[in-house]
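Scroll down for the structure; my scribbles are underneath it.
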Amino acid sequence: MAVQQNPLHVVVVGAGLGGLAAAIATRQAGHNVTICEQAPALGEVGAGIQIPPNSARILERFGILEEIKSLSVLPNAFIIRSYKGQELNRQPMLPYCENAYGAPYLHIHRADFHKVLVKCAESHGIKIVLNAHVNSVDFSAPSVTLATGETITCDLVIAADGLKSKCRELYLGHADPPHNTGDLAYRILVKASDMKKDPELAKLTEVPMINYWMGPGAHAVCYLLKGGELYNIVLICPDNLPEGVALQDADLQELRDIFATWDTRLQKLLELVQQTFKWKLQNSEEMDSWVHPEGRFVLLGDACHATLPYLAQGAAQAVEDGAVLGGLLGKVTAKDKDNLRPLLDSYERLRKARTTAVVKGSTALQNVFHMADGEAQQERDRVLLEDKPMEGFPNRWRDPVFQKFLFAYDGFKEAEREWDSVLRRQYE
Ligand SMILES: Cc1cc2nc3c(=O)[nH]c(=O)nc-3n(C[C@H](O)[C@H](O)[C@H](O)COP(=O)(O)OP(=O)(O)OC[C@H]3O[C@@H](n4cnc5c(N)ncnc54)[C@H](O)[C@@H]3O)c2cc1C
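In the working numbering, the protein residues as written are 5 to 432.
Have a look at this one:
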């Protein structure tokens with residue numbers, strides 16, 4: 005951790021994956037950090053999460069990659085199948101990602117990922133205040149006021165309060181509910197020991213893979229978790245949740261009916277499901293800016309660039325935000341507290357174009373994954389089977405240009421470059 009003689013006091017709103025990453029990067033830069041989290045206890049809902057190399061690289065800088073790796077499964081390859089089960093395309097991942105990008109591709113349970121970040125934050129002396137729902141923000145002071153009435157004054161507010169961000173609405177000055185994408189997700193865990201009773205399903209548990217199935221209006225993503233003991237299944241299909249309902253108990257028969265004509269392996273997997281939920285998938289439209297004009301407030305993570313999960317990059321982008329912001333904040337001290345605007349503008353410039361490309365790239369995959377049977381689908385499958393990866397290749401993880409764009413990004417290096425080329429002369 006850097007030693008700062010004259011540290012800033014930074015308040016981070018939200019202890020999700022993005023808020024924690026921003027807090028750790030800012031603390032490693034030597035500043036004092038308080039996280040305000042509305043929940044009464046720390047934790048993460050949901051099942052598995054994919055950590056791509058662009059995020060793993062940052063976790064290494066936090067000094068937690070080895071621990072994260074020890075709790076993860078490393079997939080050998082990324083396999084895309086048609087909904088009837090035919091393998092259409094394959095991207096090797098192990099040891100490819102480490103060789104090509106110097107960082108691994110990992111599958112981990114969200115709760116484990118979150119726990120390691122919390123432990124890292126606490127070990128660095130970051131103060132995490134629970135039951136701390138931020139109700140209002142004073143953008144000049146700056147300060148946040150909690151539902152309890154307590155006001156916390158600081159030098160900078162980083163708002164990482166997620167998709168339904170209260171801070172975003174306060175900053176915009178009007179209601180700004182998330183946007184419906186037309187899809188919903190079922191997030192499921194089944195025991196690998198149950199799969200092993202069926203020879204066809206047992207094969208899915210033997211060598212860790214990321215398995216995708218693409219079909220009309222829907223797709224499935226499956227991978228192993230927890231040392232291979234659990235199988236994580238995400239099923240995406242058209243949103244039929246009532247208006248205003250974001251989460252609902254799932255009817256298992258309805259779920260099985262949606263996939264009744266799909267690969268028998270998937271149907272057998274769904275027979276093993278005992279209980280799950282339907283989650284409405286929502287995202288953001290690009291904002292004009294993430295930085296308050298007074299230069300003491302900035303947005304981060306899903307609060308400003310929520311995305312469909314189809315590129316498995318939402319949390320990774322939030323972690324990158326944290327690295328860039330922390331990297332830049334490492335260059336300033338409390339003497340600069342009234343002049344943070346240029347630094348925050350740089351953060352926004354570095355991050356907004358990239359995260360918008362990820363949001364748009366994820367939305368575009370909706371069409372690729374969910375094609376109805378017909379000419380366009382046959383052409384997609386022909387190109388995938390021919391396997392001549394070039395720019396625009398439908399397996400986006402095998403498109404050489406897009407893959408590099410996603411995986412090669414180094415948030416800390418970006419911050420260094422920006423400091424040397426733009427910011428140094430404004431602060432020194
Ligand atoms: C089905 C699905 C699969 C996904 N898979 C992947 C994947 O494989 N890889 C990947 O990188 N991403 C994935 N994502 C995306 C990823 O989950 C999100 O992008 C990421 O969790 C966002 O983190 P965040 O910290 O910005 O927001 P959040 O995780 O939403 O955290 C916000 C935090 O702020 C707190 N909060 C909210 N309001 C307030 C308030 N007013 N005051 C105080 N605290 C507040 C909340 O309690 C919460 O703790 C997936 C998403 C979905 C839906």
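In this text, a Cβ means the ideal position worked out from N, Cα and C, and glycines have one as well.
What you are looking at is a predicted structure, and each value in this text was computed from that prediction instead of being measured.
Out of curiosity, what's the CA-to-CA distance linking A419 and I214?
-> Distance from the CA atom of A419 to the CA atom of I214, rounded to whole angstroms, is 32 Å.
Taking the C-alpha atoms as reference points, what is the distance between H309 and L12?
-> A direct Cα-Cα distance of roughly 26 Å separates H309 from L12.
Unbroken beta strand (DSSP E) run spanning H111, endpoints = Element bounds for H111: 110-113.
Beta-carbon separation of V323 and L229 under 9 Å?
-> Against a cut-off of 9 Å, the Cβ pair of L229 and V323 comes out as no contact.
Return the chain-ordered ranges of every alpha helix (DSSP H) run that is complete within the region 100-157 and spans a minimum of 4 residues.
-> Secondary structure within the region 100-157: the alpha helix (DSSP H) runs of 4 or more consecutive residues, fully enclosed, are 100-105, 114-127 (chain order).
Nearest-angstrom Cα separation, counted from A179 out to W294 | Going by the C-alpha atoms only, they are around 16 Å apart.
Using the DSSP secondary-structure output, state which residues sit across from F301 in a beta bridge.
-> F301 is bridged to V161.
The region 129-139 / the region 37-44 touching (three or more Cβ pairs under 8 Å) = Yes, the region 129-139 touches the region 37-44.
Can you tell me the Cα-Cα spacing of C124 and Q317, whole angstroms?
-> Taking the straight line from one Cα to the other gives about 22 Å.
Can H374 and G219 be called in contact, C-beta distance under 9 Å?
-> Judged by their CB atoms, H374 and G219 are nearer to each other than the 9 Å cut-off.
What are the uninterrupted segments assigned as alpha helix (DSSP H) that are 4 or more residues long and contained completely in the region 318-388, given in chain order?
-> Entirely contained in the region 318-388, the alpha helix (DSSP H) runs reaching 4 residues are, in chain order, 318-333, 345-373.
DSSP state of N80, grouped into three classes?
-> It is coil, neither helix nor strand.
Q257 to I53 span [Cα, whole Å] = Looking at the two C-alpha atoms, the distance is approximately 26 Å.
Under the criterion of a Cβ to heavy atom distance below 8 Å, does H137 qualify as lining ligand 1?
-> Result yes, Cβ under 8 Å from ligand 1.
Write down the C-beta distance between G334 and A51 rounded to the nearest angstrom, noting that I regard them as a contact closer than 8 Å.
-> Contact doesn't hold; Cβ gap of about 34 Å is too wide.
Taking only heavy atoms of ligand 1 into account, decide whether any of them is closer than 8 Å to the Cβ of K282.
-> Answer for K282: no, Cβ out of range of ligand 1.
Grab the span of the alpha helix (DSSP H) containing K417 for me, first residue to last.
-> Counting along the chain, the unbroken alpha helix (DSSP H) around K417 starts and ends at 415-422.
Compute the beta-carbon to beta-carbon distance between P146 and F281, rounded to the nearest angstrom, for a pair I have assumed lies under 8 Å.
-> The pair is not a contact, with the Cβ atoms about 37 Å apart (cut-off 8 Å).
What does DSSP give as the partner residues of H223 in its beta bridges?
-> DSSP lists M218, I240 as partners of H223.
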